[in-house]
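There are 2 protein chains.
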Amino acid sequence: MSIREEKKQKTKQAIMDAAITLFSTNGFENTSIEELAKAAGVGKGTVYGYFQTKTEILHAFCEYELDQIHKELVKQANPNAPILEQVLTIYMTEFNHVTRNKEFGRIFMRQTVFPDENDAQDHLEIDDKYFQLLFPILKKAQDRGELRKNIELLHITRHFYGLYILIMSSWYTGRIPTEEVSSALELIFRQALEGLQPHSDSKSK
Amino acid sequence: MSIREEKKQKTKQAIMDAAITLFSTNGFENTSIEELAKAAGVGKGTVYGYFQTKTEILHAFCEYELDQIHKELVKQANPNAPILEQVLTIYMTEFNHVTRNKEFGRIFMRQTVFPDENDAQDHLEIDDKYFQLLFPILKKAQDRGELRKNIELLHITRHFYGLYILIMSSWYTGRIPTEEVSSALELIFRQALEGLQPHSDSKSK
DNA sequence: TGATAATTTCGACTGCAGTCGAGACTTAAA
DNA sequence: TTTAAGTCTCGACTGCAGTCGAAATTATCA
Chain Z
1 MSIREEKKQK TKQAIMDAAI TLFSTNGFEN TSIEELAKAA GVGKGTVYGY
51 FQTKTEILHA FCEYELDQIH KELVKQANPN APILEQVLTI YMTEFNHVTR
101 NKEFGRIFMR QTVFPDENDA QDHLEIDDKY FQLLFPILKK AQDRGELRKN
151 IELLHITRHF YGLYILIMSS WYTGRIPTEE VSSALELIFR QALEGLQPHS
201 DSKSK
Chain P
206 MSIREEKKQK TKQAIMDAAI TLFSTNGFEN TSIEELAKAA GVGKGTVYGY
256 FQTKTEILHA FCEYELDQIH KELVKQANPN APILEQVLTI YMTEFNHVTR
306 NKEFGRIFMR QTVFPDENDA QDHLEIDDKY FQLLFPILKK AQDRGELRKN
356 IELLHITRHF YGLYILIMSS WYTGRIPTEE VSSALELIFR QALEGLQPHS
406 DSKSK
C-alpha cells in the first residue's frame, strides 16, 4: 500500500475514533466538527474530505454497529423457534444496542424514518440489510404454517418494522420506560401475529 | 385591549403569515429567520421574542393545521361505518393535508416521532388530541363486535398509529409513491384488523 | 535526482440559528 | 404633563456547519 493510502486509512480511523469517543461522551449536538478535528489531530477541512456532513459521520458508525448487530443475530438465531420469539429477539437485540447510546440511537432512527432530502438514499441500503435478515426467517415460519401464505413477506416485514418504530418512538418520547419496552413490543407483536397467522380452529402444533 | 397587546397580536400574526408564505414557497430549510423577520417587517430578535426556536414556528402552524383537520374529521365522520373505513378516512385526511406541503409534513412527523430533547414535551399534547379522536370510534367498533374486547383501546390506537408512521416514512423516503399510499395503508390496516377483530367462523354482518 | 502533476490538508471565510443588552416605546402614578 | 418602571424591538455578536483555494505532501516520469 502506498504511503498516501496508508495515511488516508489512518486519518479516517482517527476521525472515526474521535467521533465515537466525543459523541458518546458529550453527545452529538454538543460536539463541534472543529473539536472533533482537533481530537483527531487534523484540520476542520480534512474532516470534510472524508465525510460530507456531520450526520454522515454518525452513519458511518451506525453502519458498523448494525453490521455487528446483524452478525451477532445471525449467530444466535434459532430458526426453529416460534416466529414471535425470533422477531422479538431481533428487535430487542437491536434495541439493547441502541440503549447503550441513546443520543446516537435517536438520531439514527430519526434519520432512517424521516431523513433529510440530501441523504435519503443512504438508508435504502440499511433497510435492505434488515429485510434480507428477516426474509428467510419469515419464509420458514410461513412454511411451518405460523404465518398466512396469502400475505407478501414484504408486507409482513413492514408490519413488524412499523410497530418497532412505534415502540422506539414511545421510548424516546418517554411514554414507555426502558424496562417496559420488551413487554410492550411483545404485546403489540402478539397483536399483529394473531392477524398474521392463519385463522383456524385446528391449532395443531 | 391595550395598545401593547394589540401590537403584539399583530406582530405575531405578521410573523406567522410570513412564515407560512416563505416556508411553503421556499421550504423550511431555505428560509432564514432574518429573511422571515424582514418579510414580517420586524427585527430578527423580535421573532425570537415570540418563538423560541425556528421549529417552534413550524409547530405553531402545525397545531393550527391539525386543529383544522380534526374539526373537519369530527364533522365528516360516520360513526357507524366499518372500522376500517373510518380509520382509513382519518389517516388519509391527515395525509392529504400533509401532502400539500411535503417539506412541512416531513419535519412535523420527524419531530413528533423522534423529537429533540428540548421540545419533547410539546408533542404529548398533540398525541392526546389524536387519541381522544380515535377512542370513541374504537369504543363503538368494539361494542359492535368489530374489535376484540380483550385488547386495551390504547394498544389498538398505537397499533394503527405505528402503521401510519411506517407508511408515511415509506412515502417520505420514496419507497411508496403518492398514488399508492392509500392502498398501502388499507392493505396494512386490513392485516392489522384481521388480528384485532374477533376470530370466529360466524362472520355474520 | 529533479521537475511537474495529482492529491491532500488546512484554516480563514460564508451563512445561518440563536443571544443579549442598549435603546425605543408604553403604562401607571403623581 | 412628567417621570419612573415595565415591556418590546432591534441588529451587532457568538458559535457552529460547511466551503474554498492556497500551500504542503506524495506520486510520476524524464
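As given, the protein sequences belong to chains Z and P, one line each in that order. FYI, in the working numbering the residues of the first sequence are 1 to 205. FYI, in the working numbering the residues of the second sequence are 206 to 410. Glycine residues also receive a C-beta, built at the ideal position from the N, C-alpha and C atoms. All of these numbers come straight from a predicted model, not from anything done at the bench.
Phenylalanine 394 of chain P and phenylalanine 365 of chain P closer than 8 angstroms at C-beta: yes
Close-in-space but distant-in-sequence residues of the same chain around glutamate 72 of chain Z (CB under 7 angstroms, 5 per side omitted): Thr93
Cα-Cα separation between glycine 45 of chain Z and phenylalanine 28 of chain Z, rounded to whole angstroms: 19 angstroms
Pair within 8 angstroms by beta-carbon distance, isoleucine 176 of chain Z and serine 170 of chain Z: yes
Interface partners of isoleucine 188 of chain Z on chain P, CB under 9 angstroms: His360, Arg363, His364 and Gly367
Contact between the stretch 48 to 55 of chain Z and the stretch 81 to 93 of chain Z (3+ Cβ pairs under 8 angstroms): Judged by pairs of C-beta atoms under 8 angstroms, the stretch 48 to 55 of chain Z does not touch the stretch 81 to 93 of chain Z, as fewer than three such pairs exist.
Valine 318 of chain P and isoleucine 372 of chain P closer than 8 angstroms at C-beta: no
Enclosing alpha helix (DSSP H) for isoleucine 176 of chain Z [first to last residue]: First-last for isoleucine 176 of chain Z: undefined, no H or E at that position.
Alpha carbon of asparagine 80 of chain Z to alpha carbon of leucine 66 of chain Z, nearest angstrom: 24 angstroms
Below-8 angstroms beta-carbon distance, serine 109 of chain Z vs any chain P residue: The sequence shown places methionine at residue 109 of chain Z, not serine. Interface residue, yes.
Proximal residues to alanine 37 of chain Z (C-beta, below 7 angstroms), its chain only, five neighbours per side dropped: Gly43, Lys44, Thr46 and Val47
Per-residue burial, threonine 25 of chain Z [other beta carbons within 10 Å of its own, 16 or more giving buried]: For threonine 25 of chain Z, the number of other beta carbons within 10 angstroms of its own is below 16, and it is reported as exposed.
beta-carbon phenylalanine 394 of chain P near the ligand PLP non-hydrogen atom, thresh 7 angstroms: The ligand PLP is absent from the structure shown, which contains no ligands of any kind.
Residue interval of the alpha helix (DSSP H) (run including valine 292 of chain P): Annotation for valine 292 of chain P: the continuous alpha helix (DSSP H) segment containing it runs 288 to 305.
Test item: CB-CB of tyrosine 255 of chain P and isoleucine 220 of chain P under 8 angstroms: Yes, these two residues count as a Cβ contact at 8 angstroms.
Assigned secondary structure, lysine 12 of chain Z (DSSP; H/G/I helix, E/B strand, else coil): The answer is helix: DSSP assigns lysine 12 of chain Z an H, G or I state.
Exposed unless 16 or more other CB atoms sit within 10 angstroms - verdict on glutamine 76 of chain Z: That one is exposed.
Within-8 angstroms CB hit, alanine 397 of chain P to chain Z: yes
Member of P:Ile356, P:Asp333 and P:Ala389 whose CA lies at the smallest distance from the CA of lysine 344 of chain P: P:Ile356
When P:Glu399, P:Leu359, P:Thr226 and P:Met314 are compared against threonine 378 of chain P, the one with the closest alpha-carbon: P:Met314
Coil, strand or helix - serine 407 of chain P by DSSP: Note on serine 407 of chain P: pLDDT 40, under 50, position unreliable in the model; the coordinate value appears next. Correct three-state label for serine 407 of chain P: coil.
Beta carbon proximity, leucine 84 of chain Z to chain P, threshold 8 angstroms: No - not a single Cβ of chain P is within 8 angstroms of the one on leucine 84 of chain Z.
Spatial neighbours of leucine 368 of chain P in its chain, beta-carbon cut-off 7 angstroms, leaving aside the 5 residues before and after: Ile393, Phe394 and Ala397
From Z:Ile3, Z:Thr31, Z:Tyr91 and Z:Lys8, residue whose alpha carbon lies closest to that of alanine 18 of chain Z: Ranking the options by Cα distance to alanine 18 of chain Z, first place goes to Z:Thr31.
Nearest-angstrom Cβ-Cβ length linking leucine 134 of chain Z and threonine 157 of chain Z, presumed shorter than 8 angstroms: 5 angstroms
Chain Z contact residues for leucine 371 of chain P, given Cβ-Cβ distances below 7 angstroms: Arg158, Tyr161, Gly162 and Ile165
Chain Z contact residues for tyrosine 269 of chain P, given Cβ-Cβ distances below 7 angstroms: By Cβ distance, chain Z contributes nothing, its closest Cβ being about 21 angstroms from tyrosine 269 of chain P, past 7 angstroms.
is_contact[tyrosine 296 of chain P, chain Z] using C-beta, thresh 8 angstroms: No, tyrosine 296 of chain P lies away from the interface with chain Z (no Cβ there is under 8 angstroms from its Cβ).
Proximity of leucine 227 of chain P and alanine 244 of chain P at Cβ, strictly below 8 angstroms: yes
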